[in-house]
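S.K.: In the numbering used here, the protein residues as written are 12 to 266. We treat Cβ as the ideally placed atom computed from N, Cα and C, and that holds for glycine. Please read these numbers as outputs of a predicted model, since none were measured by experiment.
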Amino acid sequence: MRSIAIITGATAGIGRATAKILARHNFDVVITGRRSEHLLSLVKEIRSGTEADVLPLSFDIRDPEAVAAAMKGLSGKWAQVGLLVNNAGLAVGLNPVHQGVVDDWERMIDTNIKGLLYITRLVSPGMVERGEGHIINIGSIAGKEVYESGNVYNATKFAVDGLTQAMRLDLVDFGIKVTAIHPGAVETEFSTVRFKGNREKADQVYEGFTPLSAEDVAEAILFAVTRPPHVNIDDMLIMATAQGRTRKIVRRNPE
């Protein structure tokens, strides 16, 4: 019997790669995100390449009513969620705090913290009732160490780290696993969003070294969810070989 996994932010990057790898490894997947056309293309890819069933749900994770409607609409096997991957998140802007843009702050707080809480609150009671389940929160190296002009993004990812530790304590009595996975530099849409569509600046982030790929992080997620029942991966930090700290990256000139 295939397990049911929900992956938030599945329209691109880590979320998309995670949905694909789980679909190849005995999971039927619920994929969520705001861009319905990206979800539909992922549905086609999963159905054509795997035996998995897939259910796309298009909504904004920042909207508690939309999240509630989507989760309460799950029925049959889809309501038996065994794995929740809280991947939806973003960084917007790179301003020092005294020049910060309040709208950017709210987008990050509403997505990275509140969205994670909204969906976890709705999915976790079923896990508690069944006495099994796994929640994976995607954090960041930015939730382990701060850097200049990271301020609010740092704060949201520190919050994800703290929430994960608290969830672990709250849910351990019910046999539920909780994991935090913290990637370093991953070449996805992340920097394009942070620089508000400026591809030139985004591309410069990854110049001169080999960053992590979305698939690298998805493989780490797969590792965490395929451990034996008595094993929980509490915390995992994944960095590119060339990245020693957030801003310590060895960049080589191309040959």
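(1) Would you say L180 touches the ligand ADP, meaning its beta carbon is less than 7 Å from a heavy atom?
(2) For a quick check, are the C-beta atoms of L105 and R118 less than 8 Å apart?
(3) Within a Cβ cutoff of 7 Å, which residues of the same chain sit near E266, ignoring the five residues on either side of it in sequence?
(4) Please report how far the alpha carbon of L95 lies from the alpha carbon of I18, in whole angstroms.
(5) Output needed for S135: all residues of its chain with C-beta closer than 6 Å, excluding positions within five of it in sequence on either side, in chain order.
(6) Report the start-end ranges of each alpha helix (DSSP H) in the segment 145-186 that is 4 residues or longer and not cut off at the edges.
(7) Which term fits A90, buried or exposed, when burial requires 16 or more other beta carbons within 10 angstroms of its beta carbon?
(8) I need the boundaries of the beta strand (DSSP E) containing A94, first residue and last residue.
(9) Give the DSSP bridge partners of A28, in chain order.
(10) Quick one, which of L182, E159, A23, E62 has its alpha-carbon nearest Q110's?
(11) Which of the three DSSP states, helix, strand or coil, is assigned to H193?
(12) Measuring CA to CA, which of I146, F206, V65 is closest to N243?
(13) According to the neighbour-count rule (16 or more other Cβ atoms, all chains shown, within 10 Å of its Cβ), is K31 buried or exposed?
(14) With H, G and I counted as helix, E and B as strand and the rest as coil, what does DSSP make of A231?
(15) Starting from I130 and walking both ways along the alpha helix (DSSP H), at which residues does that stretch end?
(16) What first and last residue would you give for the alpha helix (DSSP H) that runs through T203?
(17) Can you give me the C-alpha to C-alpha distance between T175 and S14, rounded to a whole angstrom?
(18) Could you compute how far the alpha carbon of E230 sits from the alpha carbon of V189?
M.R.: Quick look at the numbers:
(1) As far as ligands go, the structure on display features none, and thus does not contain the ligand ADP.
(2) no
(3) Note that E266 has pLDDT 46, beneath the 50 cutoff, so the model's placement of it is unreliable and no number is given.
(4) Going from the Cα of L95 to the Cα of I18 covers about 6 Å.
(5) none
(6) 162-182
(7) exposed
(8) The sequence shown places Leu at residue 94, not Ala. Per DSSP, L94 belongs to the beta strand (DSSP E) from 92-97.
(9) Answer is none; A28 lacks a bridge partner.
(10) E159
(11) strand
(12) I146
(13) buried
(14) helix
(15) 127-141
(16) 201-205
(17) 22 Å
(18) If you draw a straight line from the Cα of E230 to the Cα of V189, it is about 17 Å long.
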